[in-house]
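A.B. asks: One structure follows; several queries about it will come next.
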Amino acid sequence: MTDKKKKLKVAFPHMGTVYIAWSAALKKVGVEPFVPPYTSKKTLSLGTKHSPEAICLPYKLILGNFIEAIEGGTDYVAMISSPGCCRLGEYGNCIYNALTDLGYHTKYIELTLYDGIKGMYDFLKKISGKNDPILFARAINIAIRKVFVLDDLENLLSYYRAREIKFGDAEKHYHKAINYIKDADNTRKLNKAKKMAFEEMKKTEIDPNKEVLNVDLTGEIYLVCDQFSNQDITRELGKMGVQTRRSLTISSFLKDAIIPKVFRKGETHLQRAYRLAKPYLMRDIGGDSLECVSDVAYADERGIDGIIHISPFTCMPEIMSQNIFPAMRENCDIPILPLIMDEQTGKAGYITRLEAFVDLMRRRKRKLAAEQQNQPELAK
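Written as structure tokens, this is what we have:
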């Protein structure tokens, strides 16, 4: 095989199931996606070993992903960059320097966030060496559509997991459903795969009368979306009969930063954030802080049983968010559990905190239900 015919291998860091969408876009433009091993303790160990001590957990995991990808034989490592007050904007240079210092000479490329469709188009142009608007439009379209389907599938998993009779049944069907989505390479096939995936999830045997709590997850988007870094919090809560909803998702980000306004439906997450956070936080202070503050108000507005705020240790925007939460108690009567994660976070203590929080929410819910039941009798 000549060099001209050899497909370039491009690796992205893991964050939940987003690799499925990226893989679809890259295949569409004739580039081979290199999917590194899913994030593990080995990944974390590699990243931590070669990272500054005070840097946040996502950085360490992304660096570990890249090291494993390079050692696996990828040609490119692709990273996202962002403007603003978050350290994500500095990740690119730091990771590139770290890889160079380690003696790796794999090519490095960045995709700039908030450049919208143009940013994705420019990225695909650089990585493929082509300039085909129709081809790139199809690649971007299939990637975006897959992100929305995958997020919908996550929500279905959470619904069935909280109600399943046999624990693990929903997850078994979920993995089969994911494979349907992976194989779809155009819109027609994806629509068919989505229908098959949803039908697969319906095979989960559930108890429709089970007492289920509803909890929103907010915080730093990487930790909210990535099961390794949040220690698979949705699974642990599902065991306890809790249905979770991630307030920060890749699809909500796409609506704010990538999808043109003319194609958006309804209020986006960022638009809602500016509206609901205004009494407590007047402007964006970096990261996902504005969204997190608004998510508390939004959860309270909808009568959700509780909200969990997940953040990396040393993340300043999220530290600011947590300091605003106490001031919100005056208007928002909702239990909030802050969880700060780093490479030292132990499983046992983490589970104990979740169990205590679930117990608190369940007792509170029953108390409120009893009070509402007694109100008509008192009125008589």
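Numbers 1434 to 1813, taken from this note's numbering, label the letters of the sequence shown in order.
Virtual Cβ for every residue (Gly too), placed ideally from N, Cα, C.
It should be emphasised that the depicted structure is a prediction, and the values quoted were computed from it without experimental measurement.
(1) Taking only three categories from DSSP, how would you classify residue 1716?
(2) Between which two residues does the beta strand (DSSP E) harbouring residue 1745 extend?
(3) Go ahead and pull the three-state DSSP assignment for residue 1534.
(4) Within 10 Å of its beta-carbon, does residue 1442 have 16 or more other beta-carbons around it, so buried, or fewer, so exposed?
(5) Rounded to a whole number of angstroms, what is the C-alpha to C-alpha distance between residue 1781 and residue 1664?
(6) Nearest to residue 1509 by alpha carbon, out of 1627, 1488, 1538?
(7) By how many angstroms is the C-alpha of residue 1582 removed from the C-alpha of residue 1821?
(8) By the three-class DSSP mapping on this structure, what secondary structure does residue 1647 have?
(9) Return the first residue and the last residue of the beta strand (DSSP E) that residue 1675 is part of.
(10) Quick check on the DSSP output: the alpha helix (DSSP H) that includes residue 1604 runs from which residue to which?
(11) Who are the near neighbours of residue 1710 in its chain, counting only those whose CB is closer than 6 Å to its CB and skipping five residues on each side?
(12) From 1660, 1615, 1588, pick the residue whose C-alpha is nearest to that of residue 1844; which is it?
(13) Would you decide whether residue 1638 is buried or exposed? Buried here means 16 or more other CB atoms lie within 10 Å of its CB.
(14) Just curious, the beta strand (DSSP E) that residue 1510 is in, first and last residue?
(15) Give me the residue from 1529, 1640, 1505, 1596 with the minimum Cα distance to residue 1492.
(16) Answer yes or no: do residue 1646 and residue 1798 have a C-beta to C-beta separation smaller than 8 Å?
(17) Could you give the residue range of the beta strand (DSSP E) that holds residue 1629?
(18) Can you tell me the Cβ-Cβ gap for residue 1476 and residue 1501, rounded? I've got them flagged as a contact below 8 Å.
(19) Near residue 1540, which residues of its chain fall below 8 Å by C-beta distance, leaving aside the five closest residues on each side in sequence?
(20) Along the chain, where does the beta strand (DSSP E) containing residue 1444 start, and where does it finish?
(21) When you compare each of 1577, 1649, 1597 to residue 1415 by their alpha carbons, which one comes out closest?
(22) How would you label residue 1474, buried or exposed, when you count the other beta carbons within 10 angstroms and need 16 or more for buried?
(23) Determine the DSSP secondary structure at residue 1470, reduced to helix, strand or coil.
(24) What number of angstroms, rounded off, separates the C-alpha of residue 1521 from the C-alpha of residue 1628?
(25) In three-state DSSP terms, what is residue 1476?
(26) Considering only C-alpha positions, which residue in the set 1736, 1756, 1690, 1630 is nearest to residue 1801?
(27) Please classify residue 1577 as buried or exposed, where buried requires at least 16 other C-beta atoms within 10 Å of its C-beta.
(28) Counting only the same chain and skipping the five closest in sequence on each side, list residues whose C-beta sits under 6 Å from that of residue 1654.
(29) Note down the Cα distance separating residue 1608 from residue 1450, rounded to an integer number of angstroms.
(30) Who are the Cβ neighbours of residue 1602 in its own chain at under 7 Å, not counting the five residues just before and after it?
(31) Whose C-beta lies closer than 8 Å to the C-beta of residue 1568 among residues of the same chain, with five residues either side of it excluded?
(32) So the candidates are 1759, 1773, 1745; which of them puts its Cα closest to the Cα of residue 1490?
C.D. replies: From the atom records:
(1) coil
(2) 1739-1745
(3) helix
(4) buried
(5) 11 Å
(6) 1538
(7) Outside the displayed span of the chain (1434 to 1813) sits residue 1821, for which this structure offers no information.
(8) strand
(9) 1675-1679
(10) 1602-1616
(11) 1723, 1726, 1727
(12) Because the chain is modelled from 1434 through 1813, residue 1844 falls outside the range shown and cannot be assessed.
(13) exposed
(14) 1509-1514
(15) 1529
(16) yes
(17) Here residue 1629 belongs to no beta strand (DSSP E); instead the alpha helix (DSSP H) covers 1620-1634.
(18) 6 Å
(19) 1508, 1509, 1510
(20) 1442-1444
(21) There is simply no residue 1415 to check, as the chain begins at 1434 and stops at 1813 in what is shown.
(22) exposed
(23) coil
(24) 36 Å
(25) helix
(26) 1736
(27) buried
(28) 1681, 1721
(29) 11 Å
(30) 1637, 1638
(31) 1461, 1462
(32) 1745
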